[in-house]
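Per my numbering, the very first residue in the sequence shown carries number 727; after that it's consecutive. The structure under discussion appears below in the form of structure tokens.
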Amino acid sequence: MVSIVNGESCQREYKADPASESEALKALRADAARFKADAIIETQCFHLKPDADSICYSEVSCAGRAIQWVD
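Shown next as structure tokens:
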């Protein structure tokens, strides 16, 4: 394993498109690319409920393990 990686999607404006799992996964892949990972395993995504302190009307957060192949 190289690192734990995460990605988020946030709907910051009321009339904007809602947060999506696909956008959160895209951000997750970008985070894994920073570590030159070959793959991401054990990925999980969560639809988070906004609270009073949240800046997002809707939010999706994904996490996984970035790995590199060993020669």
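Here a beta-carbon is modelled for each residue, glycine too, at the ideal position from N, C-alpha and C.
Check, Outcome
"Whether residue 742 touches residue 782 by CB criterion (8 Å)", "no"
"Beta-bridge partners of residue 787, as assigned by DSSP", "734 and 772"
"DSSP beta-bridge partners of residue 792", "729 and 766"
"Reduced DSSP category for residue 739 - H, G, I as helix; E, B as strand; rest coil", "coil"
"Own chain partners of residue 727 with C-beta closer than 8 Å, once the 5 adjacent residues on each side are dropped", "791, 792 and 793"
"Residue burial classification, residue 730 (beta-carbon count within 10 angstroms, cutoff 16)", "exposed"
"Under the three-state DSSP convention, the category residue 757 falls into", "helix"
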